[in-house]
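Novice:
There are 2 protein chains.
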Amino acid sequence: MQVRTPNDQKIRMEGFPAEVTVIDVGPRDGLQSEPGWIPTEEKIALIDGLVDAGIRQLEATSFVSPRAVPQMRDAAEVIAGVDRSKGAVLTALVPNARGAERAAAAGIDAMVVFLSASESHNRKNVNRSVAQSLDGFGEVCGVAGEAGIPVYGAIATSFGCPFEGSVPVSRIVDIAKAYRDLGITRLTLGDTTGMATPPIVKATCRALRRELPETEVTLHFHNTRGVGLACVYAGLEEGVTRYEASIGGLGGCPFAPGATGNICTEDLVYLLDECGVRSGVDLARLVEVSRRLERVVGRTLPGQVMKAGPRLSLYPVDSVATACG
Amino acid sequence: MQVRTPNDQKIRMEGFPAEVTVIDVGPRDGLQSEPGWIPTEEKIALIDGLVDAGIRQLEATSFVSPRAVPQMRDAAEVIAGVDRSKGAVLTALVPNARGAERAAAAGIDAMVVFLSASESHNRKNVNRSVAQSLDGFGEVCGVAGEAGIPVYGAIATSFGCPFEGSVPVSRIVDIAKAYRDLGITRLTLGDTTGMATPPIVKATCRALRRELPETEVTLHFHNTRGVGLACVYAGLEEGVTRYEASIGGLGGCPFAPGATGNICTEDLVYLLDECGVRSGVDLARLVEVSRRLERVVGRTLPGQVMKAGPRLSLYPVDSVATACG
Chain A
1 MQVRTPNDQK
11 IRMEGFPAEV
21 TVIDVGPRDG
31 LQSEPGWIPT
41 EEKIALIDGL
51 VDAGIRQLEA
61 TSFVSPRAVP
71 QMRDAAEVIA
81 GVDRSKGAVL
91 TALVPNARGA
101 ERAAAAGIDA
111 MVVFLSASES
121 HNRKNVNRSV
131 AQSLDGFGEV
141 CGVAGEAGIP
151 VYGAIATSFG
161 CPFEGSVPVS
171 RIVDIAKAYR
181 DLGITRLTLG
191 DTTGMATPPI
201 VKATCRALRR
211 ELPETEVTLH
221 FHNTRGVGLA
231 CVYAGLEEGV
241 TRYEASIGGL
251 GGCPFAPGAT
261 GNICTEDLVY
271 LLDECGVRSG
281 VDLARLVEVS
291 RRLERVVGRT
301 LPGQVMKAGP
311 RLSLYPVDSV
321 ATACG
Chain B
1 MQVRTPNDQK
11 IRMEGFPAEV
21 TVIDVGPRDG
31 LQSEPGWIPT
41 EEKIALIDGL
51 VDAGIRQLEA
61 TSFVSPRAVP
71 QMRDAAEVIA
81 GVDRSKGAVL
91 TALVPNARGA
101 ERAAAAGIDA
111 MVVFLSASES
121 HNRKNVNRSV
131 AQSLDGFGEV
141 CGVAGEAGIP
151 VYGAIATSFG
161 CPFEGSVPVS
171 RIVDIAKAYR
181 DLGITRLTLG
191 DTTGMATPPI
201 VKATCRALRR
211 ELPETEVTLH
221 FHNTRGVGLA
231 CVYAGLEEGV
241 TRYEASIGGL
251 GGCPFAPGAT
261 GNICTEDLVY
271 LLDECGVRSG
281 VDLARLVEVS
291 RRLERVVGRT
301 LPGQVMKAGP
311 RLSLYPVDSV
321 ATACG
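Line by line, the protein sequences are chains A and B. Quick note on full-length UniProt numbering: the first sequence kicks off at 1 and runs consecutively. Quick note on full-length UniProt numbering: the second sequence kicks off at 1 and runs consecutively.
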């Protein structure tokens, strides 16, 4: 199999940013829902592999209750074991002040606090109202500020809630303002159960740009209904330059067994490469990381490029019996 | 599970056409590569189900050599058995004059002739040069003209060839001109092995619109590298109003075992619904057809919406143990 440089036709997409940041959330959002224990050294190898492939920011782990999320109980060991020499930003989810203290002690680069746009999802997820969650973030910001660590925010169910349905754009703007009032202006909009659509993405990005120009938006889509990369396309048209994805498409959806979760990092990088958008990530090395991960979790992952290879994977004419009619 | 109307937020995508035609190619392009025999009555039930769900054009079968493609050997019986009362357009692939005679006798609504943009793929697929293929189409047009049946054209490997790599846009324009000279102005651009990308799609659509305004383009994408619906998005921005897809995402890629083939009709219809583009197709009924097909072929199909349900499939709060962090 012969592979040429991606996008050798050199056609650039008008209106897309020249460069974006790809953030891999597989080590946390992906691995968290794995039923079997993933050894600490495999988690470290996964993060090191992603950084070697050119990923510059990762959601590395979470400092939540080990009883609630046993897969993340080795959070501190994972952070201690990772090669930090390349300067990639390691973030961790932090639910409260106690988690923030653990995260600071572990030497994380940034903490991520999170709530859900809908009250019912927030209560189900963290057993609090949205207002109570925001109150708690003040304490986290206090701990982080003393440690000199930045805090980022996330809004789950930003594009729809599996219990309540559509989420008004004004609700996202209001929560983004509450985050800004806490000093948090780097904000992830999470598409927790794959309800984002291109027009909703566009409307949300425009409202935030208009009302909170100082807030930097990161988009986090799921491919649960097949339109994850179409939503990225919509985000690129809106000028958004930060996207979260999970290596191999690791992670599922608790509402629909068999449905996929996060968009796949390699497929995202492939789309960016082919649209002439720089990400600094090496697709071939990323695919190697994904294939190794497949062996670690012991099942086929939903990523497509890891199965088909990049676009210009060429074949000898006699390599197949028929060539598709 | 409670389901509301799609896109209840009623946000329309600027620049997209108001209405498109969704053409299902599953009964031919999908079923053709099934290793096990699909009974004639199941093929008929599949087509009838798709028409009942609102599909107005289908690639129903092919009149090729039964030795070369045994799965299509019941082409005439399938066409004879389908309910024609709803007026859906049934097309069939026709490789030569003999196939055209069989297709005309079977009462097909339109014949589709096909070649590949690249010489090596055309030779592999039909054992002829592109010029020889075009010569043969003249005979097909003669048979079809006498029977009063329209002929459509298709270009496989329009966006890249697995043997030769990139296909210049000028090559597609030249072949489209040769088709036009034969009187064929309804033209499908086939993404045979999933090498289409948004910028290549845009460049190709623009060149054809500029040089052959009388030719009506149909786009046929594969999701082999995960970007099939992103390519549809690019086509919609270029004003293309005809898209081919396969129910359930049926059909694979002979080059990459485990990789997917055609984009999935339900996922396409979901994207269109959510972008406010009318297709006249009922998503819920389409999903029923897809689930039945999954039982017929005896394996999980790659479609996403058939697993997750439409966007506003709402769940009771106590239906899941955790709600995704």
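From the three backbone atoms N, C-alpha and C, an ideal C-beta is built for every residue, glycine too.
Going straight from the alpha carbon of A:GLN2 to that of B:ARG299, what length do you get?
Specialist: Legend: pLDDT at A:GLN2 = 43, less than 50; position of this residue unreliable, value from coordinates given subsequently. Approximately 32 Å between the Cα atoms of the pair.
Novice: Could you check which residue in A:GLY251, A:ALA75 and A:ARG292 has the C-alpha nearest to that of A:PRO35?
Specialist: When each option's Cα is compared against that of A:PRO35, the closest is A:GLY251.
Novice: Would you kindly check if the distance between the Cβ of B:GLY87 and the Cβ of B:ASP282 is under 7 Å?
Specialist: Cβ atoms of B:ASP282 and B:GLY87: not closer than 7 Å.
Novice: Check whether the Cβ of A:ARG225 lies closer than 7 Å to any Cβ atom in chain B.
Specialist: It does; some Cβ of chain B falls within 7 Å.
Novice: Name the chain B residues that come within less than 9 Å of A:LEU271, Cβ to Cβ?
Specialist: Ordered by position in chain B, the residues that pass the 9 Å Cβ test against A:LEU271 are THR197, PRO198, ARG225, GLY226, VAL227 and ALA230.
Novice: Closer than 9 Å by beta-carbon distance: list the chain B residues that pair up with A:LEU312, in chain order.
Specialist: Correct list: GLY160, GLY165, SER166 and MET195.
Novice: Under 8 Å Cβ to Cβ from residue 375 of chain A, same chain only, skipping five residues before and after it: list those, please.
Specialist: There is no way to answer for residue 375 of chain A, as the model of chain A reaches only from 1 to 325.
Novice: Between A:GLU244, A:GLU294, A:LEU301 and A:ALA284, which has its C-alpha nearest A:SER313's C-alpha?
Specialist: Nearest of A:GLU244, A:GLU294, A:LEU301 and A:ALA284 to A:SER313, Cα basis: A:ALA284.
Novice: Determine the DSSP secondary structure at B:GLU244, reduced to helix, strand or coil.
Specialist: The answer is strand: DSSP assigns B:GLU244 an E or B state.
Novice: Is A:SER120 close to chain B, meaning its C-beta is less than 7 Å from at least one C-beta of that chain?
Specialist: Chain B contact via Cβ: present.
Novice: Just the Cα atoms here: how many angstroms apart are A:GLY160 and B:LEU268?
Specialist: Approximately 20 Å between the Cα atoms of the pair.
Novice: Indicate whether A:MET111 and A:ALA144 have their beta-carbon atoms separated by less than 7 Å.
Specialist: Yes; because the gap between Cβ atoms is below 7 Å, this pair is in contact.
Novice: Can you pull the DSSP bridge partners for B:ARG186?
Specialist: In the DSSP output, where bridge partners are listed per residue, B:ARG186 has B:GLU216.
Novice: For the beta strand (DSSP E) containing A:LEU153, name the first residue and the last one.
Specialist: The question names Leu, yet the displayed sequence has Gly at residue 153 of chain A. Segment 151-156, the beta strand (DSSP E) holding A:GLY153.
Novice: Counting only runs that start and end within the segment 32-102 of chain A, where is the beta strand (DSSP E) found for 3 or more residues in a row?
Specialist: As far as the segment 32-102 of chain A is concerned, its whole beta strand (DSSP E) runs of at least 3 residues are 57-62 and 89-93.
Novice: Against chain B, with Cβ distances strictly below 7 Å, would A:GLY258 count as a contact?
Specialist: Taking Cβ atoms only, chain B reaches closer than 7 Å to A:GLY258, which makes this a yes.
Novice: Could you tell me the alpha carbon to alpha carbon distance between B:ARG4 and B:ARG180, rounded to whole angstroms?
Specialist: Note that B:ARG4 scores 46 on pLDDT, short of 50, meaning its location in the model is unreliable; the coordinates nonetheless yield the value given after this. Near 45 Å, if we compare the C-alpha coordinates of B:ARG180 and B:ARG4.
Novice: Is the segment 285-296 of chain A close to the segment 204-216 of chain B, with three or more CB pairs under 8 Å?
Specialist: No, because fewer than three Cβ pairs between the segment 285-296 of chain A and the segment 204-216 of chain B fall closer than 8 Å, the two stretches do not touch.
Novice: Roughly how many whole angstroms lie between the Cα atoms of B:PRO168 and A:GLN132?
Specialist: Those two C-alpha atoms are separated by around 58 Å.
Novice: Does A:TYR233 come within less than 7 Å of chain B when only Cβ atoms are used?
Specialist: Interface residue, yes.
Novice: Take A:SER118 and list the residues in its own chain whose beta-carbon comes closer than 7 Å to its own, dropping the five residues that flank it on each side.
Specialist: Excluding positions up to five away in sequence, the list reads THR157, CYS161, PHE163, GLU164 and VAL167.
Novice: Can you grab the Cα-Cα spacing for the pair residue 326 of chain A / A:ILE108, in whole Å?
Specialist: As shown, chain A starts at 1 and ends at 325. That puts residue 326 of chain A outside it, with no answer to give.
Novice: What's the C-alpha gap between A:ILE172 and B:GLY183?
Specialist: Cα to Cα, A:ILE172 sits roughly 54 Å from B:GLY183.
Novice: Can you grab the Cα-Cα spacing for the pair A:THR91 / A:THR215, in whole Å?
Specialist: One C-alpha to the other measures close to 18 Å.
Novice: If you measure from the beta carbon of A:PHE255 to each beta carbon in chain B, is any gap under 7 Å?
Specialist: For A:PHE255, the answer is yes, since a Cβ of chain B falls inside 7 Å of its Cβ.
Novice: Output needed for residue 326 of chain B: all residues of its chain with C-beta closer than 6 Å, excluding positions within five of it in sequence on either side, in chain order.
Specialist: The requested residue 326 of chain B is not part of the displayed model; chain B covers only 1 to 325.
Novice: Report the residues of the segment 61-91 of chain A with a CB closer than 9 Å to any CB of chain B, ordered along the chain.
Specialist: If the cut-off is 9 Å between Cβ atoms, the segment 61-91 of chain A has SER62, VAL64, ALA68 and VAL69 near chain B.
Novice: Residues in the segment 264-293 of chain B with C-beta within 8 Å of chain A's C-beta atoms, listed in sequence order?
Specialist: Those residues of the segment 264-293 of chain B that come within reach of chain A (Cβ to Cβ, closer than 8 Å) are CYS264, ASP267, TYR270, LEU271, GLU274, CYS275 and GLY276.
Novice: Have a look at A:ILE44, A:ALA176 and A:LEU187 and flag the residue whose alpha-carbon is nearest the alpha-carbon of A:LEU219.
Specialist: Considering only alpha carbons, the answer is A:LEU187.
Novice: In the structure shown, what three-state DSSP assignment does B:GLU139 receive?
Specialist: Helix at B:GLU139.
Novice: Would you mind sorting B:ASN127 into buried or exposed? The rule is 16 or more other CB atoms within 10 Å of its CB.
Specialist: Exposed, since its Cβ has fewer than 16 Cβ neighbours within 10 Å.
Novice: Does any CB atom of chain A fall closer than 7 Å to the CB of B:ASP111?
Specialist: Looking at the sequence provided, one finds Met at residue 111 of chain B rather than Asp. No, because no Cβ of chain A sits closer than 7 Å to the Cβ of B:MET111.
Novice: Please report the distance separating the alpha-carbon of B:GLY239 from that of A:PHE221.
Specialist: Distance between the alpha carbons of B:GLY239 and A:PHE221: 26 Å.
Novice: Taking the alpha carbon of B:ALA100 as the reference point, which residue from B:PHE63, B:GLU266, B:GLY81 and B:SER129 has its own alpha carbon closest?
Specialist: That would be B:PHE63, whose Cα lies nearest to the Cα of B:ALA100.
Novice: Considering just the uninterrupted stretch of the beta strand (DSSP E) at A:MET111, what are its terminal residues?
Specialist: Here the beta strand (DSSP E) through A:MET111 covers 110-116.
Novice: When you compare only the Cα positions, how much space is there between B:PRO310 and B:GLY49?
Specialist: For B:PRO310 and B:GLY49, the distance between alpha carbons rounds to 19 Å.
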